[in-house]
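Student: Sharing a structure with you now.
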Ligand code: GRG
């Protein structure tokens with residue numbers, strides 16, 4: 223099945239535009255925040271032996287999907303003027319750019335950016351550690367040599383450790399910026415997404431099954447369980463965290479959307495490993511099979527994996543209607559939530 227023509231739910235060109243314009247504006251703002259606030263924060267605190275590998279990994283050109291999810295769920299306004307991005311065919315760079323003075327008068331918005339950074343720190347640490355020789359042993363990530371190839375194993379391990387801890391420091395910073403942030407719920411959500419009930423657990427199960435042959439029945443039983451934890455749990459946390467920043471009491475709709483989006487994301491990632499182009503994907507491809515990885519295409523085949531992804535897309539497009547702005551206001555991003563699954567499934571990197 224061809225991703226371009228397969229889905230009856232294929233979005234119209236307009237919804238792709240909506241997604242791309244919001245993603246570009248959010249990522250530009252987030253990257254500028256990384257450069258202006260986060261890099262100096264790290265450089266001031268960490269010795270150069272840590273700061274260099276941390277910033278090498280953090281500044282590399284990632285897609286920033288998780289910070290984007292935090293910003294969307296939080297109702298972060300992507301144009302400071304308050305104008306809708308859809309209102310114009312091209313957003314005005316100055317209206318969407320990160321501007322310290324503007325955000326300093328909006329502590330909740332600044333706090334959202336720190337929370338988004340915390341999630342990206344956890345994600346970046348996981349990529350650094352996943353690429354190590356003791357795990358996936360990869361030498362290419364985000365189009366560059368992996369952190370341990372550039373700085374050595376010890377520096378990569380410690381940079382990952384430091385980013386992991388920094389994430390929680392940044393949540394404290396977010397709370398300091400905006401004391402109404404429900405800190406204990408925020409801490410719980412990120413810990414559950416990242417730790418023993420989420421990403422680390424999924425990684426442990428994944429590496430265990432890779433190194434210890436198990437039956438086909440056991441593989442079937444494990445497949446979703448591994449990926450719901452390894453990939454989806456942090457994506458779920460990003461959605462929940464944003465919703466908490468928006469003042470939502472009940473964040474379950476956002477969490478449920480994050481779970482399904484995470485699974486769709488993983489299936490797309492597995493398909494990219496089978497048929498992606500390394501120079502576009504930015505990491506090694508066609509490597510899962512050789513490692514005995516438990517992936518959707520290796521277990522169900524390419525066509526069934528695509529069908530599963532499109533089923534998730536349909537479910538997500540329905541769930542998108544429930545993702546309303548929170549009590550603290552902000553734009554209605556349902557059209558963006560609606561367009562995101564198709565983007566995640568059709569991505570080429
Ligand atoms: C080391 C505790 C620990 C966990 C590692 C993230 C992870 C868990 C493993 C990476 C293996 C992998 C490629 C999983 C597929 C989904 C995924 C997380 C892809 C990478 O995320 P992207 O595509 O990366 O958002 P960028 O570089 O765009 O940020």
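Numbering (the numbering used here), first residue to last: 223 to 571.
Cβ coordinates follow ideal geometry from the N, Cα and C atoms, glycine included.
#1: Should residue 255 be labelled buried (16 or more other beta-carbon atoms within 10 Å of its own) or exposed?
#2: Are there 16 or more other CB atoms within 10 angstroms of the CB of residue 334, so buried, or fewer, so exposed?
#3: Going by C-alpha to C-alpha distance, which of 547, 549, 528 and 541 sits closest to residue 569?
#4: When the Cα of residue 338 is compared with those of 514, 420, 519 and 462, which residue comes out closest?
#5: If you draw a straight line from the C-alpha of residue 331 to the C-alpha of residue 392, how long is it?
#6: Pull up the DSSP beta-bridge partners for residue 366, would you.
#7: Span of the alpha helix (DSSP H) holding residue 459?
#8: What residue does the alpha helix (DSSP H) around residue 476 start on, and which one ends it?
#9: Pop quiz: residue 381 and residue 350 are said to be a contact at Cβ under 8 Å. What is the actual Cβ separation, rounded to whole angstroms?
#10: If I measure Cβ to Cβ from residue 500 and keep anything under 8 Å in the same chain, skipping five residues before and after, which residues do I get?
#11: Roughly how many angstroms separate the alpha carbons of residue 405 and residue 456, rounded to a whole number?
#12: Between residue 494 and residue 445, is the Cβ-Cβ spacing less than 9 Å?
#13: Compare the beta carbon distance of residue 475 and residue 431 with 9 Å and say whether it is the shorter of the two.
#14: Unbroken alpha helix (DSSP H) runs of length 4 or more, entirely within the segment 339-400: which are they?
#15: Is it buried or exposed for residue 313, if we count other Cβ within 10 angstroms and need 16 for buried?
#16: What distance in whole Å lies between the Cβ atoms of residue 294 and residue 464, which are believed to be in contact at a cut-off of 8 Å?
#17: In this structure, how does DSSP classify residue 252 when only helix, strand and coil are distinguished?
#18: At a threshold of 8 Å, does residue 244 count as lining the ligand GRG (C-beta to nearest heavy atom)?
#19: In whole angstroms, what is the alpha-carbon distance linking residue 248 and residue 267?
#20: If you drop the 5 nearest sequence neighbours on each side, which residues of the same chain put their C-beta closer than 6 Å to that of residue 325?
#21: Within a Cβ cutoff of 6 Å, which residues of the same chain sit near residue 557, ignoring the five residues on either side of it in sequence?
#22: With distances taken from CA atoms, which of 403, 521 and 417 is nearest residue 439?
#23: Can you give me the start and stop residues for the alpha helix (DSSP H) that residue 521 sits inside?
#24: Give me the Cβ distance between residue 554 and residue 563, rounded to the nearest whole Å; I'm assuming they're in contact under 8 Å.
#25: Along the alpha helix (DSSP H) that carries residue 292, what are the first and last residues, could you check?
#26: Return no unless some Cβ of chain B is closer than 9 Å to the Cβ of residue 367.
Tutor: In short:
#1: Taking the chain shown and counting its residues from 1, the one referred to as residue 255 is at position 33. Under this definition residue 255 is a buried residue.
#2: Taking the chain shown and counting its residues from 1, one reaches residue 334 at position 112. Result: buried.
#3: Here residue 569 is taken as the residue at index 347 of the chain shown, counted from 1. The residue with the shortest Cα to Cα distance from residue 569 is 528.
#4: Your numbering for residue 338 matches position 116 in the chain shown. Nearest option by C-alpha distance: 462.
#5: Numbered from its first residue, the chain shown carries residue 331 at position 109. Numbered from its first residue, the chain shown carries residue 392 at position 170. Between residue 331 and residue 392, the C-alpha separation is close to 14 Å.
#6: If you number the chain shown from 1, residue 366 lands on position 144. Per DSSP, 363.
#7: Residue 459 sits at position 237 when you count from the first residue of the chain shown. Unbroken alpha helix (DSSP H) run through residue 459: 455-467.
#8: Here residue 476 refers to the residue found at position 254 of the chain shown. Segment 474-497, the alpha helix (DSSP H) holding residue 476.
#9: Sequence index remark: in the chain shown, residue 381 carries index 159 (1-based). Sequence index remark: in the chain shown, residue 350 carries index 128 (1-based). Sure, about 6 Å apart at Cβ, within 8 Å.
#10: Looking up residue 500 in the chain shown gives position 278. 362, 506 and 507.
#11: Taking the first residue of the chain shown as 1, we reach residue 405 at position 183. Taking the first residue of the chain shown as 1, we reach residue 456 at position 234. Cα-Cα distance, rounded: 17 Å.
#12: By one-based count along the chain shown, residue 494 stands at place 272. By one-based count along the chain shown, residue 445 stands at place 223. Cβ atoms of residue 494 and residue 445: not closer than 9 Å.
#13: Counted from its first residue, the chain shown places residue 475 at position 253. Counted from its first residue, the chain shown places residue 431 at position 209. Taking 9 Å as the Cβ cut-off, residue 475 and residue 431 do not qualify as a contacting pair.
#14: 369-373 and 375-399
#15: Reading the chain shown from its first residue, position 91 is the one you call residue 313. Confidence at residue 313 is low in this model, with a pLDDT of 48, below 50, so the placement of that residue is unreliable and no value is reported for it.
#16: The sequence position of residue 464 within the chain shown is 242, counting from 1. The sequence position of residue 294 within the chain shown is 72, counting from 1. The Cβ separation is near 6 Å, so the contact holds.
#17: Reading the chain shown from its first residue, position 30 is the one you call residue 252. Three-state DSSP puts residue 252 in a helix.
#18: Your numbering for residue 244 matches position 22 in the chain shown. No, the ligand GRG has no heavy atom inside 8 Å of this Cβ.
#19: The residue given as residue 248 occupies position 26 in the chain shown. The residue given as residue 267 occupies position 45 in the chain shown. One C-alpha to the other measures close to 27 Å.
#20: Stepping through the chain shown from its first residue, residue 325 is reached at position 103. Closer than 6 Å at Cβ, skipping near neighbours: 331 and 332.
#21: Sequence index remark: in the chain shown, residue 557 carries index 335 (1-based). Contacts found: 240.
#22: Mapped onto the chain shown, residue 439 falls at position 217. The residue with the shortest Cα to Cα distance from residue 439 is 521.
#23: Locating residue 521 in the chain shown gives position 299, where the first residue counts as 1. First-last of the alpha helix (DSSP H) with residue 521: 518-522.
#24: Residue 554 sits at position 332 when you count from the first residue of the chain shown. Residue 563 sits at position 341 when you count from the first residue of the chain shown. Residue 554 to residue 563, Cβ: 18 Å. No contact.
#25: As a working mapping, residue 292 is identified with position 70 in the chain shown. Note, residue 292: alpha helix (DSSP H), 287-296.
#26: Absent from the structure is chain B; it holds one protein chain and no more.
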